[in-house]
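Chains as they are written, first to last, in the numbering used here: chain A, 11 to 137; chain B, 11 to 137.
Cβ atoms here follow ideal geometry from the backbone N, Cα and C, with glycine treated the same way.
What you are looking at is a predicted structure, and each value in this text was computed from that prediction instead of being measured.
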DNA sequence: GCCATTACTTACAAAATTGTTAGTTACTCA
DNA sequence: TGAGTAACTAACAATTTTGTAAGTAATGGC
């Protein structure tokens, strides 16, 4: 997200919706293109440096990784540890509240798996 | 979503990610601005007409409602019943696979509630 | 014939997100 | 002196999503 126009209808609608529904609020927090992948890898490895995340996250660019990490940090889902070295070393890891998301993951995956299978069947049917 | 450019990096990344992670796939299916609200109201009322959905979904326009419903239908989350009357009557309701999402809802809400509370505290702290 | 009704669609515009390319910083090591 | 490194940032462009405003169709009732 770049800065948003405070008073655009678009932004007003988003605000209204996320303020009134905590489930949508949740989806918004993790809905960025690369966010769930980042969370996933941080969960798997515990702590990762910028470049390590970049290698694992196929297709991501420096810029997007930086943006997504910054948002995750601002949302308190990820912590950023800077070591005063040169070249720099920066380590990212999950916060506790981010870890609280993990139990929901399997349910999301299962539904996705099921839905995908169902869609595949429908595709076949319509041949 | 309007039609996508098949071979844009943007689209390729999305495809790749959603193809390789069912949890992200799930989030994508329900991530449209108004989709969760629509699903929510259909769950609450069982069946709703276009205009009924529009009244309940504060801020939505005809166009957006139409778009979101069309995607939900294409994704098999919503069924569309047309009655051959004039003026037209069209009724929307949830499919079974959409209903399978409902058990995940509370977990999403709880996390959102918790995260929001935590953020509020942080706001206070930094004053 | 004219209006009202419902569920849309169309053409356009604004806003938000994502991607591309080329830096920058500050220090270390050869 | 000059290259190399890690973790970024900046300027810009493309793509995607969302919103605005104005129509359309078919029919019943006046």
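Residue i: first and last residue of the uninterrupted alpha helix (DSSP H) it sits in
i, result
"residue 19 of chain B", "19-30"
"residue 128 of chain A", "115-135"
"residue 49 of chain A", "45-55"
"residue 66 of chain B", "60-66"
Within chain B, the residues that residue i reaches when beta carbons sit closer than 7 Å
i, result
"residue 32 of chain A", "119, 122, 123, 126"
"residue 58 of chain A", "The premise fails here: residue 58 of chain A is roughly 17 Å from chain B at the closest Cβ pair, so nothing lies under 7 Å."
Chain-ordered neighbours of residue i on chain A, where CB pairs are closer than 9 Å
i, result
"residue 69 of chain B", "19, 22, 23, 26, 27"
"residue 77 of chain B", "What residue 77 of chain B touches in chain A: nothing, since even the nearest Cβ is about 14 Å away."
Simplified DSSP state of residue i, which is helix, strand or coil
i, result
"residue 36 of chain A", "helix"
"residue 95 of chain B", "coil"
"residue 88 of chain A", "strand"
"residue 4 of chain B", "An answer regarding residue 4 of chain B cannot be provided, because it is not within the stretch 11 to 137 covered by chain B."
"residue 73 of chain A", "helix"
"residue 111 of chain A", "coil"
"residue 15 of chain A", "coil"
Where residue i meets chain A, residues with beta-carbon distance less than 8 Å
i, result
"residue 43 of chain B", "23, 24, 27"
"residue 72 of chain B", "Under the 8 Å cutoff, chain A gives no residues; its nearest Cβ is about 14 Å from residue 72 of chain B."
"residue 64 of chain B", "By Cβ distance, chain A contributes nothing, its closest Cβ being about 14 Å from residue 64 of chain B, past 8 Å."
"residue 48 of chain B", "Residues of chain A passing the Cβ test: none, with the nearest at roughly 11 Å."
Close-in-space but distant-in-sequence residues of the same chain around residue i (CB under 7 Å, 5 per side omitted)
i, result
"residue 15 of chain B", "21"
"residue 66 of chain A", "51"
"residue 53 of chain A", "104, 112"
"residue 90 of chain A", "83, 100, 102"
"residue 63 of chain A", "48, 51, 75, 102"
Listed by chain order, chain B residues near residue i by CB distance under 9 Å
i, result
"residue 86 of chain A", "125, 128, 129, 132"
Contacts of residue i in chain B (Cβ-Cβ under 8 Å)
i, result
"residue 35 of chain A", "122, 125, 126"
"residue 80 of chain A", "Simply none; closest approach about 16 Å."
"residue 114 of chain A", "114, 117, 118, 121"
"residue 40 of chain A", "37"
Residue i CB to nearest heavy atom of the ligand NAP below 8 Å
i, result
"residue 27 of chain B", "Because no ligand of any kind appears in the structure shown, any question about the ligand NAP cannot be addressed here."
Under 7 Å from the C-beta of residue i: neighbouring residues of chain A
i, result
"residue 111 of chain B", "121"
"residue 15 of chain B", "Result: empty, since nearest Cβ-Cβ is about 16 Å, beyond 7 Å."
Close Cβ partners of residue i (< 6 Å) along its chain, the five nearest in sequence each way excluded
i, result
"residue 92 of chain B", "100"
"residue 130 of chain B", "none"
"residue 88 of chain B", "82, 102"
Spatial neighbours of residue i in its chain, beta-carbon cut-off 8 Å, leaving aside the 5 residues before and after
i, result
"residue 33 of chain B", "none"
"residue 46 of chain A", "40"
Kindly confirm or deny that the region 26-44 of chain B and the region 73-84 of chain B touch, where touching means at least three C-beta pairs closer than 8 Å.
Touching, yes, given that three or more Cβ pairs across the two stretches are closer than 8 Å.
Would you check if there are 3 or more beta carbon pairs closer than 8 Å linking the region 114-134 of chain B to the region 101-111 of chain A?
yes
Determine contact between the region 91-106 of chain B and the region 45-60 of chain B, defined as no fewer than three beta-carbon pairs at a distance below 8 Å.
Enough Cβ pairs lie closer than 8 Å, so yes.
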